[in-house]
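Here the structure comes first, spelled out in structure tokens, and everything after it is commentary.
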Amino acid sequence: MADGGWQGFIHMGVLTLMAANVFAVIVGLLMIMAPTLLASWSRLSDRWVSTAAATDSLDQMRNIDSQILSRPKLAGIIILAGAAFILI
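Adding 2 to a residue's 1-based position in the sequence shown gives its number in this note's numbering.
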């Protein structure tokens, strides 16, 4: 990447950090001046979200041995490509 590209990247990072700091100052001032407003926001966001139902399908055991053993060359190529990717 050319130097100009990195400068743009750094500039956007600085702007993002500045915006986050402005937001943090606003929230800090709200905590000092109007804590009841933050309490109402807290009631809206303070609820339990269960991920168990969403991740139940990920907990199931899947037997893929027969699929891998039926295509040993393809499995070897995929394993070799993964190892090369990690190595490089």
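The C-beta atom is built at its ideal place from N, Cα and C for all residues, glycine as well.
Leucine 31 beta carbon less than 8 Å from that of leucine 40: At least 8 Å separates the beta-carbon of leucine 40 from that of leucine 31.
Residue closest to valine 29, alpha-carbon to alpha-carbon, out of Ser44, Gly15, Leu17, Thr18: Selection Ser44, Gly15, Leu17, Thr18 evaluated against valine 29 yields Ser44 as nearest (Cα-Cα).
Close beta carbons around leucine 82, own chain, < 8 Å, minus the five adjacent residues each side: Within the same chain, no Cβ atom closer than 8 Å to the Cβ of leucine 82 is found once the five residues on either side in sequence are excluded.
Three-state secondary structure (DSSP) of serine 52: Coil at serine 52, not helix or strand.
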